[in-house]
């Protein structure tokens, strides 16, 4: 029986791709601009030599220098300072040997501009100074011994003109460097702002999940204990406890799903409105199912709150009642909502007594309430009452602070 042997292939890219595709490090080099500058330098120098018969003729050494200077620009992004020194040295050597000036200056201009823009200012200025110094030295003194024969000294215009354009090139590089630094600074600030917004969003989601789950699980825990205790003696009451557990768990799942949906589709509006103070009766009904009777008192005329503050007020009341059920043996609690002209004040207290595990006031619940209020310019205070109970007081202003209004504008 003949079996077809699998075809063996060498690991890695094929030989054709290895031959035709350069390595990533080579592909990232500025090949197009370097080849263009080299072409312009070589061809332009040939035309310049035709019009300058008094200069030395372009020989093999001249053509090597015309290619060597622009070719160094390939490494101007990795070693900008040293490339500027090398290109200016090649340019100075070319001019000192008496060859006709022309596009050879391009390699010096591009390399020093890139060096200054990259922040290598000292090396760039050193390269320009050496190039201008060599030009001055050759044009004023060394011309007697250097080709072409019979050459005379340069005039002041011929000496000062190269220095002027060198300063202009360095100044343009400085402008480019400042713009790059400003762009990098704005990019860092934008990344920090995005990271800060992401942290704030994670904190908001953590608060939402904590408030929803803590309250619902507390109700379920109390009802489950009651159902187990009455399972044999009072089946009807046990059935009521199980019904409350089902209702609380269903509502908790719905609110958790709403929070998770906002993560999956951040651009869409939530399917159900966020809870607010109008749902306090439902909250009181849930607490009554867990054995905590809640009296709700309202003072003043209800007014509109800043965006998100209504949800924060509801969560503060929810967390305060959850703490009563978890850390207190109280069977009665009071919620007072006072609508003032400038602020909303909410007070939640119970008649105690506290159980062994509370009320401490140092857990995540109280910290979360304070953070919610602080986000809207408010504050939360808490303490023990004279009758052995515990009280929580939240104050929320009617006008949102500038930070909250800025976030609302960004979200819109």
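In this note's numbering, the protein residues as written are 185 to 596.
Heads up, the beta-carbon is just placed ideally off N, CA and C, and yes, glycines get one too.
Owing to the predicted nature of the structure, the values given are computational and were not obtained by experimental measurement.
query: Residues that residue 523 bridges to, as DSSP identifies them; result: 528
query: Unbroken alpha helix (DSSP H) run spanning residue 272, endpoints; result: 264-280
query: Beta-carbon proximity check, residue 276 vs residue 228, cutoff 8 angstroms; result: no
query: Rounded straight-line distance, which links the Cα of residue 391 to that of residue 259; result: 53 angstroms
query: Touch test, the region 263-270 against the region 297-317, Cβ-Cβ under 8 angstroms, three pairs minimum; result: yes
query: Residue environment, residue 597, which counts as buried when at least 16 other CB atoms sit within 10 Å; result: This structure cannot settle anything about residue 597, because the visible part of the chain is limited to 185 through 596.
query: Beta-bridge pairing of residue 564 - partner residues as DSSP gives them; result: 578
query: Residue 236 to residue 369 span [Cα, whole Å]; result: 49 angstroms
query: Of the listed residues 418, 327, 302, nearest to residue 359 (C-alpha basis); result: 302
query: Residue 528 and residue 557 closer than 8 angstroms at C-beta; result: no
query: Beta-carbon proximity list for residue 353, same chain, < 7 angstroms, skipping 5 on both sides; result: 293, 296, 297
query: Option nearest residue 328 by Cα separation, candidates 280, 426, 478, 252; result: 280
query: Rounded straight-line distance, which links the Cα of residue 270 to that of residue 343; result: 22 angstroms
query: Cβ neighbours of residue 514 in the same chain (closer than 8 angstroms, five flanking residues each side left out); result: 476, 508, 534, 535, 536, 537, 573
query: Same chain, Cβ closer than 7 angstroms to residue 312, five either side skipped, listed in chain order; result: 272, 296, 350, 354
query: Buried versus exposed call for residue 239 [16 or more other C-beta atoms within 10 Å across all chains shown]; result: buried
query: Cβ neighbours of residue 562 in the same chain (closer than 7 angstroms, five flanking residues each side left out); result: 578, 579, 580, 581
query: Separation of residue 363 from residue 371, as counted between CA atoms; result: 12 angstroms
query: Integer-rounded CB distance, given that residue 222 should sit under 8 angstroms from residue 244; result: Residue 244 to residue 222, Cβ: 17 angstroms. No contact.
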